[in-house]
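Protein chains in written order, with the working numbering: chain E, 3 to 316; chain G, 3 to 316.
We treat Cβ as the ideally placed atom computed from N, Cα and C, and that holds for glycine.
None of the values given here were measured: they were computed from a predicted structure.
Number of protein chains: 2
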Amino acid sequence: MSMDRLLENIMRKQNPTVAGLDPKLSFIPGHIKEKCFEEHGKNLEGAAAALLEFNKGLIDALCDVVPAVKPQAAYYEQYGWQGMRALAETIAYAKSKGLFVIVDGKRNDIGATMEAYAAAHLGTTDVEGETFEAFGADALTVNGYLGSDGIEPLLKVCSAHDKAIFVLAKTSNPSSGELQDQMLHAMYEPVYRAMGNMCQQWGLKLPGKYGYSGVGAVVGATYPKQLKEMRKALPNTFFLVPGYGAQGGAADDVAPGFDKHGCGAIVNSSRGIMCAWQKEGCDPKDYAGAARREAVRMRDEIMARLGGISLPAT
Amino acid sequence: MSMDRLLENIMRKQNPTVAGLDPKLSFIPGHIKEKCFEEHGKNLEGAAAALLEFNKGLIDALCDVVPAVKPQAAYYEQYGWQGMRALAETIAYAKSKGLFVIVDGKRNDIGATMEAYAAAHLGTTDVEGETFEAFGADALTVNGYLGSDGIEPLLKVCSAHDKAIFVLAKTSNPSSGELQDQMLHAMYEPVYRAMGNMCQQWGLKLPGKYGYSGVGAVVGATYPKQLKEMRKALPNTFFLVPGYGAQGGAADDVAPGFDKHGCGAIVNSSRGIMCAWQKEGCDPKDYAGAARREAVRMRDEIMARLGGISLPAT
Numbered sequence: 003m004s005m006d007r008l009l010e011n012i013m014r015k016q017n018p019t020v021a022g023l024d025p026k027l028s029f030i031p032g033h034i035k036e037k038c039f040e041e042h043g044k045n046l047e048g049a050a051a052a053l054l055e056f057n058k059g060l061i062d063a064l065c066d067v068v069p070a071v072k073p074q075a076a077y078y079e080q081y082g083w084q085g086m087r088a089l090a091e092t093i094a095y096a097k098s099k100g101l102f103v104i105v106d107g108k109r110n111d112i113g114a115t116m117e118a119y120a121a122a123h124l125g126t127t128d129v130e131g132e133t134f135e136a137f138g139a140d141a142l143t144v145n146g147y148l149g150s151d152g153i154e155p156l157l158k159v160c161s162a163h164d165k166a167i168f169v170l171a172k173t174s175n176p177s178s179g180e181l182q183d184q185m186l187h188a189m190y191e192p193v194y195r196a197m198g199n200m201c202q203q204w205g206l207k208l209p210g211k212y213g214y215s216g217v218g219a220v221v222g223a224t225y226p227k228q229l230k231e232m233r234k235a236l237p238n239t240f241f242l243v244p245g246y247g248a249q250g251g252a253a254d255d256v257a258p259g260f261d262k263h264g265c266g267a268i269v270n271s272s273r274g275i276m277c278a279w280q281k282e283g284c285d286p287k288d289y290a291g292a293a294r295r296e297a298v299r300m301r302d303e304i305m306a307r308l309g310g311i312s313l314p315a316t
Numbered sequence: 003m004s005m006d007r008l009l010e011n012i013m014r015k016q017n018p019t020v021a022g023l024d025p026k027l028s029f030i031p032g033h034i035k036e037k038c039f040e041e042h043g044k045n046l047e048g049a050a051a052a053l054l055e056f057n058k059g060l061i062d063a064l065c066d067v068v069p070a071v072k073p074q075a076a077y078y079e080q081y082g083w084q085g086m087r088a089l090a091e092t093i094a095y096a097k098s099k100g101l102f103v104i105v106d107g108k109r110n111d112i113g114a115t116m117e118a119y120a121a122a123h124l125g126t127t128d129v130e131g132e133t134f135e136a137f138g139a140d141a142l143t144v145n146g147y148l149g150s151d152g153i154e155p156l157l158k159v160c161s162a163h164d165k166a167i168f169v170l171a172k173t174s175n176p177s178s179g180e181l182q183d184q185m186l187h188a189m190y191e192p193v194y195r196a197m198g199n200m201c202q203q204w205g206l207k208l209p210g211k212y213g214y215s216g217v218g219a220v221v222g223a224t225y226p227k228q229l230k231e232m233r234k235a236l237p238n239t240f241f242l243v244p245g246y247g248a249q250g251g252a253a254d255d256v257a258p259g260f261d262k263h264g265c266g267a268i269v270n271s272s273r274g275i276m277c278a279w280q281k282e283g284c285d286p287k288d289y290a291g292a293a294r295r296e297a298v299r300m301r302d303e304i305m306a307r308l309g310g311i312s313l314p315a316t
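See below:
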């Protein structure tokens, strides 16, 4: 099962972190941009080529350190279909290096439309009997506002193609409480808990051998109290934890997301890793080295807090 | 303002309906597919070419009947970046024919990431000082689960580029109530109403000259009672109403979404129009004619119920 593969990657590398690949041109060293613009022009194609080359350098430098990468779809979409091609090529390259790929797309819809998103990102697309992988990630982030009609089509594809999803529960941003913290009258619990409970239920259809199902939840590092409460309430729901680093979360804030085995969560850092070369002020040609140094530092900081990671008994 | 342009299109054509462009290969007549597969191969590129040709035929046949089209991003994404190119080309073609284009992407994220989605679909993308339109729709559907942090970046882009958004409030699917109908303890109103109230508030930043702001809401035809209640409660929020036709909504069900001027809502039909040729059993070469006949029938059915459409006084 897909989530099992992520857990095994985390265990093997003793690193519960994921590197976000959210490339903007301003994060990319000049020598890469110059080369790509010279080859393709100063246009969306040139920009997309620069994203891909930047990502490949990061993936090469990170692939023996981190278990997973998380490209954020928005950063590719803004460069048009050329950017979406760079997304597909980034995913393929990361997978070829043994990385688990979570596409952060926060997709949501119902019925046949959700089936189309599932085919796009996790399954395959049929063209008159021939089968193609459009984007081919290992997992996709999704938004559960529409209820089960938006999730069931994904569960079928996850089951058939060995994939996983992460449903937004408590997001890391300051205004997440406007809706997510509201108490529900009938349940006397907040919206994010109700969404977490739905994840736990949906997950029953995708059981995993280490106790964590194929339906994970997104719970932000910026709300450690809620993270702790959710970890306790949802024993079979694996957490994707954004908000570490640039958004203010630290090792102490993410620790409550883990179980007693040091398992149960994976912590994302995007700008912290991608822009490490700018923060370090190192030679821009060493941007991937700087990313690796930051990924190692982050791993060591979180692992010092956790002690070690073992897989829950099967 | 963008929503004003939509209202004026609706008024001019005396038609408050939007044609969904959600193409699947099984909806496309054989002669189009054969030609495209011959030219490009039986692959994602061939499929994407068939989507585009199918859409162009529909747009040509519909552009003097309907005020707007609504391509659903999922159906293009499932054909990879080649499908996303077909989406961009579909949008450009529809705009060249005077149609208002609503991309149904239900995108959602926060801060810089939401800015990237806004740039992708509504704004422009900067490449070293050169400006490009990645997809260039007139409006985008979005999911407000993350709160204001997910909407504010869109409002800025809408204001700068004369665009609009539609936020999911009460969706048309059977399980929409799992979260959206839950009563909120503090407000003693359901989630969908709270989301509607947020739309009304966010809309204050994008006022329109006919009273409807640039922040619309999605409210399904399958819940006419809620549609009526929302129309009354949200006088400045224009509604995008899915669920007519294939999902079961009829003219009587959508009528409560309109104000006393016959304004205030636009009703979507996707499969009903796209697949009219299959339902009619006509010559597949006349698929666009069948789509037009169904669009006219739908317009006449809804207009008979409304009487006429006038724009609220400015």
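Per-residue contacts from residue i into chain E (C-beta, under 7 Å)
i      : result
K44(G) : V129, E130 and E132
Whether residue i touches residue j by CB criterion (9 Å)
i       : j       : result
L313(G) : M13(G)  : yes
R109(G) : K108(E) : yes
H123(G) : F137(G) : yes
M189(E) : Q184(G) : yes
Y194(E) : V221(E) : yes
L8(E)   : I268(E) : yes
N57(G)  : A90(G)  : no
M116(G) : A49(E)  : no
A63(G)  : A290(G) : yes
L46(E)  : S272(E) : no
I275(G) : M300(G) : yes
E296(E) : K281(E) : yes
L27(G)  : E130(E) : yes
A114(G) : A70(G)  : no
T19(G)  : Q80(E)  : no
M3(G)   : L208(G) : yes
Interface flag, residue i vs chain E, CB-CB below 9 Å
i       : result
A114(G) : yes
L9(G)   : no
A96(G)  : no
A306(G) : no
K26(G)  : yes
K108(G) : yes
M276(G) : no
L89(G)  : yes
Chain G contact for residue i (CB, 9 Å cutoff)
i       : result
K58(E)  : no
N270(E) : no
P314(E) : no
F39(E)  : yes
G266(E) : no
V193(E) : yes
L242(E) : no
A293(E) : no
Classification of residue i by the beta-carbon crowding that lies within 10 angstroms, buried from 16 upward
i       : result
L206(E) : exposed
A162(G) : exposed
K35(G)  : buried
G264(G) : buried
G259(G) : buried
E55(E)  : buried
E180(E) : buried
Residues of its chain near residue i, where Cβ-Cβ distance is below 8 Å and the 5 sequence neighbours each way are ignored
i       : result
I93(E)  : P73, V103, V105, F137, G138 and A139
P192(G) : Q182, D183, Q184, M185 and L186
C38(E)  : G48, A49, A51, A52 and E55
Contacts that residue i makes with chain G (C-beta to C-beta distance below 9 Å)
i       : result
A136(E) : L46, E79, Q80, Y81, G82, W83, Q84 and G85
M185(E) : L186, H187 and A188
Under 8 Å from the C-beta of residue i: neighbouring residues of chain G
i       : result
E180(E) : G149, S150 and M200
Neighbourhood of residue i by C-beta, 7 Å cutoff - its chain only, sequence neighbours within 5 removed
i       : result
I112(G) : L148, D151 and G152
G198(E) : A171, A219, M232, A235, L236 and T239
G100(G) : C65
D230(G) : Per the sequence presented here, residue 230(G) reads as Lys, with Asp not at that position. For K230(G), where only same-chain residues beyond five positions count, the Cβ hits under 7 Å are P258.
Under 7 Å by beta carbon: chain G residues contacting residue i
i       : result
Y119(E) : A76 and E79
A49(E)  : V129
Sequence-distant residues of the same chain with beta carbon closer than 6 Å to residue i, five excluded per side
i       : result
A315(G) : none
G82(E)  : L46
F168(G) : T143, G218, V220 and L242
A121(G) : T127
heavy atom of the ligand FAD below 8 Å from residue i C-beta
i       : result
K211(G) : This structure lacks the ligand FAD; in fact it carries no ligand of any kind.
Residues that residue i contacts on chain E, provided the C-beta gap is smaller than 8 Å
i       : result
N175(G) : I112, G113, L148, G149, D151 and G152
A162(G) : Those do not exist, as A162(G) stays about 15 Å from chain E at its closest Cβ, beyond 8 Å.
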